[in-house]
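Residue numbers (our numbering), protein chains in the order written: chain S, 1 to 361; chain F, 1001 to 1355.
Backbone N, C-alpha and C fix where the C-beta goes; we use that ideal spot for every residue, glycine too.
Written out as structure tokens, the structure is:
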């Protein structure tokens, strides 16, 4: 079925005609039942391999279904997976070169403590599992052709997008003058350690490992000290915000700010771990922004501010008032439970803001 | 003037109602908290079954010659359409599976194989019917404008014909509710703007055209020489689905045990009051598992009205707990086999055809 996996216009036209026979469903809704990877409407992937990287991280190799439009080294992908029947979405950096072997892509995941999705992916995902995918996104990428002299600064799982870049460079024989300064807890917690050290052994990569368990957290100055010619290198950095801010300051001071590109990881906030009450709520479609307390429902607050919002029973029964969150967390007044995140659909009549919220209404 | 039996609502104190609300809230919360992978698997299985049945029916009608195979195809198609309507569409659009956060099985994205658009149906059903259940004049599901089922409705000679047009209504039920749900009369008395009505009408026309084209033009056309047979099979599947849905809808709120309420009931109604009104206005149907599946678990109409957004296949397991609450507060819990409820509704329709 490779042909279906790369649908051109005749196939698409055929599906358009077929949709007249399957209305109100799409032909995809039937194809997807036979093989989830055939569905175009819901991009899916099948896990083909799970490789342990360290004791708490793993590389997950995925065969993406029809409609995967490819990626560039350094980009990330939104991955959806059901845990206890509930779909969760997270973004992970792609670690495979574009157009990898067999058309497979891979991500590397570090199991975060209390991380529902990362733990599930690392410990309980087996080959054959189906995951849902968004398209590759993000501007943290290598230009084409890649610069001659490169510097990568990474910390923890910040090495994952850089691994994708290094593999891409290595495959095209363009890896010869790259430096990687990697910060991690200890030697055993370094992801891709074997592969990185092999590159270093072959002198295609200069590798500096910094282990915080022994040497503490390094400042940007300490990191750059290891790379005397850093001002002449194109630099990609990925890791905790404090480190990236520190690096940005150093590059600014040296007048080479344009040489630094950073990728920030936004740690997902675990539901329930958030105790903010109220916040600024933005109704993006109505163009209304309002400050609310922790007891006024989003519906009441929005209406009071003049937004034209759909609503019905105001008791959480009829689901007329639902809207898709752009950002933020909300508390359900009936259960007290905090939930949310971009893309989550909530009922405004029984939800109050738990911090700043943007909703597509 | 016929006398009304005293409603338990007149006997229960505010404290009783609060206690009932607490008990029922606890039942609903316990199920919601327990939802997980097996429940997600249930709805996926029903959806897969429905699509498999529909595909098999279409293929059977397309490839076979014999008359009995055609009847079989029509039967499969009827079953598929009933599942789409009751077991999946109705419940998904109630938000029963929104907790899964699967964008493909979500109340905001689901569209069903019926002429009414999801948006207009969700307003008239989820909002109007489930908020104003059995309130005479507010709950449009009772069909108070077309059929007289209550002594408080003023009699008109046209009701003499209601046993006849009642049957006709059952056969075209899906179209009747599609048009009825748009509430076009609301434009006349100013409850709805003309432009809103126009956009709803346009959406309905678009959907209806696709529905009609599929069953009565395209599938017959691709059947070639067997076009007439395919058309008849599609027509009978739609009519039977309409009649079945109509039956289940009428059995849920119209048997003689079901109570109706005046608009005053809504004034200052507490959560407990709302719960009790749902309880008193709904009737369950007895049956086995396949029967419950084919009614979309609306055979558990009482549980559905108490917890409209709780996954429907959990209703059988919470029914005994709801029944126990009813017993504690001496509330009726109406339930009966389909045949008996049918006779009860028929009696009402015949009785109130007369002044």
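Contacts of residue i in chain F (Cβ-Cβ under 8 angstroms)
{"i": "residue 371 of chain S", "result": "Residue 371 of chain S lies beyond the residue range present for chain S, which begins at 1 and ends at 361; the question has no answer from this structure."}
{"i": "residue 20 of chain S", "result": "1210, 1213, 1214, 1218"}
{"i": "residue 278 of chain S", "result": "By Cβ distance, chain F contributes nothing, its closest Cβ being about 25 angstroms from residue 278 of chain S, past 8 angstroms."}
{"i": "residue 312 of chain S", "result": "1123, 1126, 1127, 1131"}
{"i": "residue 42 of chain S", "result": "1103, 1104"}
{"i": "residue 345 of chain S", "result": "1098, 1101, 1106, 1108"}
Residue of the options minimising C-alpha distance to residue i
{"i": "residue 1040 of chain F", "options": "S:87, S:76, S:301, S:60", "result": "S:87"}
{"i": "residue 1021 of chain F", "options": "F:1276, F:1321, F:1327, F:1341", "result": "F:1276"}
{"i": "residue 1080 of chain F", "options": "F:1006, F:1097, F:1046", "result": "F:1046"}
{"i": "residue 1333 of chain F", "options": "F:1353, F:1283, F:1175", "result": "F:1283"}
{"i": "residue 1337 of chain F", "options": "F:1330, F:1331, F:1345", "result": "F:1345"}
{"i": "residue 280 of chain S", "options": "S:358, S:68, S:49, S:248", "result": "S:358"}
{"i": "residue 1176 of chain F", "options": "F:1269, F:1229, F:1137, F:1114", "result": "F:1114"}
{"i": "residue 347 of chain S", "options": "S:321, S:325, S:361", "result": "S:321"}
{"i": "residue 206 of chain S", "options": "S:119, S:58, S:226", "result": "S:226"}
{"i": "residue 242 of chain S", "options": "S:155, S:255, S:314", "result": "S:155"}
{"i": "residue 159 of chain S", "options": "S:149, S:293, S:195", "result": "S:195"}
{"i": "residue 1255 of chain F", "options": "F:1104, F:1121, F:1058, F:1134", "result": "F:1134"}
{"i": "residue 1280 of chain F", "options": "F:1297, F:1287, F:1306", "result": "F:1306"}
{"i": "residue 1181 of chain F", "options": "F:1304, F:1140, F:1056, F:1156", "result": "F:1140"}
{"i": "residue 1335 of chain F", "options": "F:1350, F:1251, F:1105", "result": "F:1251"}
{"i": "residue 312 of chain S", "options": "F:1125, F:1030, F:1044", "result": "F:1125"}
{"i": "residue 53 of chain S", "options": "S:108, S:10, S:41, S:83", "result": "S:108"}
{"i": "residue 1072 of chain F", "options": "F:1083, F:1057, F:1085, F:1084", "result": "F:1057"}
{"i": "residue 1312 of chain F", "options": "F:1272, F:1197, F:1082, F:1297", "result": "F:1297"}
{"i": "residue 363 of chain S", "options": "S:238, S:11, S:221", "result": "Nothing can be reported for residue 363 of chain S, as the shown portion of chain S is limited to 1 through 361."}
{"i": "residue 1299 of chain F", "options": "F:1239, F:1287, F:1309", "result": "F:1287"}
{"i": "residue 307 of chain S", "options": "S:360, S:29, S:316", "result": "S:360"}
{"i": "residue 106 of chain S", "options": "S:124, S:71, S:115", "result": "S:71"}
{"i": "residue 1078 of chain F", "options": "F:1304, F:1051, F:1237", "result": "F:1237"}
Where residue i meets chain F, residues with beta-carbon distance less than 7 angstroms
{"i": "residue 30 of chain S", "result": "1051, 1055"}
{"i": "residue 359 of chain S", "result": "Neighbours of residue 359 of chain S on chain F: none; closest Cβ ~13 angstroms, over 7 angstroms."}
{"i": "residue 366 of chain S", "result": "Not covered by the structure: residue 366 of chain S. The range shown for chain S is 1 to 361."}
{"i": "residue 348 of chain S", "result": "In chain order: nothing, as chain F lies at least about 13 angstroms away."}
{"i": "residue 102 of chain S", "result": "Under the 7 angstroms cutoff, chain F gives no residues; its nearest Cβ is about 27 angstroms from residue 102 of chain S."}
{"i": "residue 284 of chain S", "result": "Simply none; closest approach about 16 angstroms."}
{"i": "residue 36 of chain S", "result": "Those do not exist, as residue 36 of chain S stays about 11 angstroms from chain F at its closest Cβ, beyond 7 angstroms."}
{"i": "residue 161 of chain S", "result": "Simply none; closest approach about 27 angstroms."}
Separation of residue j from residue i, as counted between CA atoms
{"i": "residue 353 of chain S", "j": "residue 1152 of chain F", "result": "46 angstroms"}
{"i": "residue 1002 of chain F", "j": "residue 34 of chain S", "result": "For residue 1002 of chain F, the predicted model reports a pLDDT of 41, less than 50, meaning its position is unreliable and no value from the coordinates is stated."}
{"i": "residue 1148 of chain F", "j": "residue 1162 of chain F", "result": "8 angstroms"}
{"i": "residue 1012 of chain F", "j": "residue 1323 of chain F", "result": "17 angstroms"}
{"i": "residue 1016 of chain F", "j": "residue 1274 of chain F", "result": "13 angstroms"}
{"i": "residue 1208 of chain F", "j": "residue 1215 of chain F", "result": "11 angstroms"}
{"i": "residue 92 of chain S", "j": "residue 1049 of chain F", "result": "34 angstroms"}
{"i": "residue 1165 of chain F", "j": "residue 1292 of chain F", "result": "28 angstroms"}
{"i": "residue 1234 of chain F", "j": "residue 1193 of chain F", "result": "36 angstroms"}
{"i": "residue 1087 of chain F", "j": "residue 1249 of chain F", "result": "13 angstroms"}
{"i": "residue 1064 of chain F", "j": "residue 1075 of chain F", "result": "14 angstroms"}
{"i": "residue 330 of chain S", "j": "residue 63 of chain S", "result": "35 angstroms"}
{"i": "residue 268 of chain S", "j": "residue 291 of chain S", "result": "Per-residue confidence for residue 268 of chain S stands at a pLDDT of 40, beneath the threshold of 50, marking its modelled position as unreliable; the derived number appears in the next sentence. Distance between the alpha carbons of residue 268 of chain S and residue 291 of chain S: 23 angstroms."}
{"i": "residue 1203 of chain F", "j": "residue 25 of chain S", "result": "16 angstroms"}
{"i": "residue 278 of chain S", "j": "residue 298 of chain S", "result": "10 angstroms"}
{"i": "residue 1319 of chain F", "j": "residue 1034 of chain F", "result": "16 angstroms"}
{"i": "residue 1098 of chain F", "j": "residue 338 of chain S", "result": "16 angstroms"}
Per-residue contacts from residue i into chain S (C-beta, under 9 angstroms)
{"i": "residue 1133 of chain F", "result": "Residues of chain S passing the Cβ test: none, with the nearest at roughly 10 angstroms."}
{"i": "residue 1073 of chain F", "result": "None at all; the shortest Cβ gap to chain S is about 15 angstroms."}
{"i": "residue 1232 of chain F", "result": "Within 9 angstroms Cβ-Cβ: nothing; residue 1232 of chain F doesn't reach chain S, min ~18 angstroms."}
Contact set between residue i and chain S, taken where Cβ atoms lie within less than 7 angstroms
{"i": "residue 1040 of chain F", "result": "82, 85"}
{"i": "residue 1035 of chain F", "result": "85"}
{"i": "residue 1095 of chain F", "result": "319"}
Integer-rounded CB distance, given that residue j should sit under 8 angstroms from residue i
{"i": "residue 117 of chain S", "j": "residue 81 of chain S", "result": "6 angstroms"}
{"i": "residue 1260 of chain F", "j": "residue 1150 of chain F", "result": "6 angstroms"}
{"i": "residue 211 of chain S", "j": "residue 187 of chain S", "result": "6 angstroms"}
{"i": "residue 142 of chain S", "j": "residue 77 of chain S", "result": "Contact doesn't hold; Cβ gap of about 17 angstroms is too wide."}
{"i": "residue 31 of chain S", "j": "residue 19 of chain S", "result": "Wrong, their Cβ atoms sit about 12 angstroms apart, outside the cutoff."}
At a CB distance below 7 angstroms, what residues from the region 79 to 92 of chain S approach chain F? Give them in sequence order. 82, 84, 85, 86, 87
Output, in sequence order along the chain, the residues in the region 120 to 147 of chain S whose CB is closer than 9 angstroms to any CB in chain F. Here the close residues are 132.
Check each residue of the region 1098 to 1128 of chain F: if its Cβ is closer than 8 angstroms to any Cβ of chain S, include it; give the result in chain order. Flagged, chain order: 1098, 1099, 1100, 1101, 1102, 1103, 1104, 1106, 1107, 1108, 1111, 1112, 1113, 1122, 1123, 1126, 1127.
Can you list, in chain order, the residues of the region 1307 to 1327 of chain F whose Cβ is nearer than 8 angstroms to any Cβ on chain S? Taking 8 angstroms as the Cβ-Cβ cut-off, the region 1307 to 1327 of chain F approaches chain S at 1308, 1309, given in chain order.
What are the residues of the region 174 to 202 of chain S that lie near chain F, defined by any Cβ-Cβ distance shorter than 7 angstroms? none
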